[in-house]
Amino acid sequence: MYAAAFDYLRATSWAEAVKRLEELGDEAHVIAGGQSLVPMMMLRVAAPSALVDIGGADERTIDLVDGRLVLSALVRHVDLEHSELVAENVPMLTQAVRQIGNVRVRQRGTIGGSLAHGEPAAELPCVAIAHGASVHALGPDGEREIAVADLPLFPMVTTLNSGELITRVEIPALRDGQGSCFLEIARRPGDFAMVNVAAIVTCDADGTCTEVRLALGALGSRPVDSSAAAQELVGAAIDEAASESVGRAVAGDAEIGPSSHAGVDYRREVTAVLVARALRGAAADARDRRAGVKVAA
Amino acid sequence: MTVTTQHTVSVTINGRPTDLAVSPNLSLLELLRTEAGAPEVKLGCGEGVCGTCTVLLDGEPVNACLVFAVQVDGCEITTVRGLAADGELHLLQQAFLDHAGSQCGFCTPGMILTAKWYLDRHPQADREELRRALAGNLCRCTGYTKILDAVEAYRDR
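Same order as they appear, the protein sequences are chains A and B. In terms of the working numbering, the first sequence opens at residue 1 and continues consecutively. In terms of the working numbering, the second sequence opens at residue 298 and continues consecutively.
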């Protein structure tokens, strides 16, 4: 299989990449890991006139700064998978990357690429939205910060402007009293998700929920923050009845579009079940973290 | 209309350094199969789903169909043939033979490279971990049981 012809050049810095993209015009595209872009090029769904390779534009750094995980956009899924810093501070990233594609895709794919691609079923945007994460984007008009929740618009369409690149991702780490859980249903391991759920709960010492954050992916045209539909959990103990009630409320409220994987009713049912499980999983995680149980990467 | 230029890439394939002129839209897979005399790398789906075209790029597994040749300048590539450089089968290849882990053989190069890479890093991996590591390598013949038997036999050698 051959992609349509294109020019290829490498950028050794973010600024150079932005400059090259501006020179090359709207038909040029940036490439990082290429694990979504290259299949689209091979299938001729995408036919950029030129690729600007940003693989050498930055180091693949992962740092914890003032309670936020700060990641270069070039951090690969495999880096997330094996990072203790990630497992301790944003454990849903560790859980989610293990469900992405396969070992080869995880070897090349990047967090910036996943967020910029706009795939509704992608795991990392769902996790990032639950955490209230943001990206730093650099373009011809300079740098700006964008909440990940405001990034995806439609399948493969984001609010990034033409020639604008994600350079850095900042994800608030779990705080004391918080726990999280990411769950996904796909037909086979590595397939596109049918439902993604990312849940963060804050519990006080006796297990009462004081805050809940929830994001859903793969259901509609973009991953969404569904926290508002889960608020009846606040003030309750996160037991089976409470979690199932919230699961039904969230699923009933969710916008679920058509899918080749399964029907709307089925995915609504799966959403209710997964949300309930994720909330209980997050509550168990909050208990474990409070008790000082170390979760291995 | 785009004007594409040829690029020269220097790669080391199974220990042998080579310089090749490539168009940007030539995949690493096509480079290996058509330009570099490595037809043991097979084209399966061409979309990164089946694992058939797995090669090791600087020691790490990649889908050769999802990497452009122009991107691998300066890299080392290992194909399944690189495991048997002196013509003698690698112990993992022998285990696939002994346990009938290969039937039609089309997925076998990718299976073997992925399994070897994973066991090099996780020598004690249990069957479930091996199953997860190999989940992205599709086999339409064996039902996977004999593949996992072969990989476990190699691990326990």
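By construction, the Cβ of each residue, glycine as well, lies at the ideal position given by its N, Cα and C atoms. Small disclaimer: the values here were computed from a predicted structure and weren't measured.
{"Item": "Residues near A/Leu147 in its chain [Cβ-Cβ closer than 7 Å; skip 5 each side]", "Value": "The identity of residue 147 of chain A in the sequence shown is Ala, whereas the question assumes Leu. Excluding positions up to five away in sequence, the list reads Ser134."}
{"Item": "DSSP state of A/Met42 mapped onto helix, strand, coil", "Value": "helix"}
{"Item": "Residue from A/Val86, A/Ala237, A/Thr94 with nearest C-alpha to A/Ala173", "Value": "A/Val86"}
{"Item": "CB contact below 9 Å: A/Leu51 versus chain B", "Value": "yes"}
{"Item": "9 Å Cβ cutoff, B/His304 in contact with chain A", "Value": "yes"}
{"Item": "Reduced DSSP secondary structure (H/G/I, E/B, other) of A/Cys209", "Value": "strand"}
{"Item": "Residue-chain proximity (A/Ala3, chain B), Cβ-Cβ < 9 Å", "Value": "yes"}
{"Item": "A/Pro140 versus B/Glu337 - alpha carbon distance", "Value": "45 Å"}
{"Item": "Beta bridge counterpart(s) of A/Val135 as assigned by DSSP", "Value": "A/Ile146, A/Val169"}
{"Item": "Residue interval of the beta strand (DSSP E) (run including B/Asp316)", "Value": "313-319"}
{"Item": "Minimum Cβ-Cβ distance from B/Val308 to chain A less than 9 Å", "Value": "no"}
{"Item": "At least three beta-carbon pairs within less than 8 Å, the region 115-124 of chain A to the region 419-439 of chain B", "Value": "no"}
{"Item": "Proximity to B/Phe403 [Cα-Cα], best of B/Arg428, B/Ala318, B/Lys339", "Value": "B/Lys339"}
{"Item": "Where A/Trp14 falls, given that 16 or more other Cβ within 10 Å makes a residue buried", "Value": "buried"}
{"Item": "C-alpha distance - A/Val212 paired with B/Arg429, whole-angstrom precision", "Value": "32 Å"}
{"Item": "Short-range partners of chain B found in the region 97-118 of chain A, where Cβ spacing is below 7 Å", "Value": "Gly101, Asn102, Val103, Arg104, Val105, Gln107, Arg108"}
{"Item": "Start and end residues, alpha helix (DSSP H) containing A/Asn89", "Value": "84-89"}
{"Item": "C-beta atoms of A/Arg108 and B/Leu363 nearer than 9 Å", "Value": "yes"}
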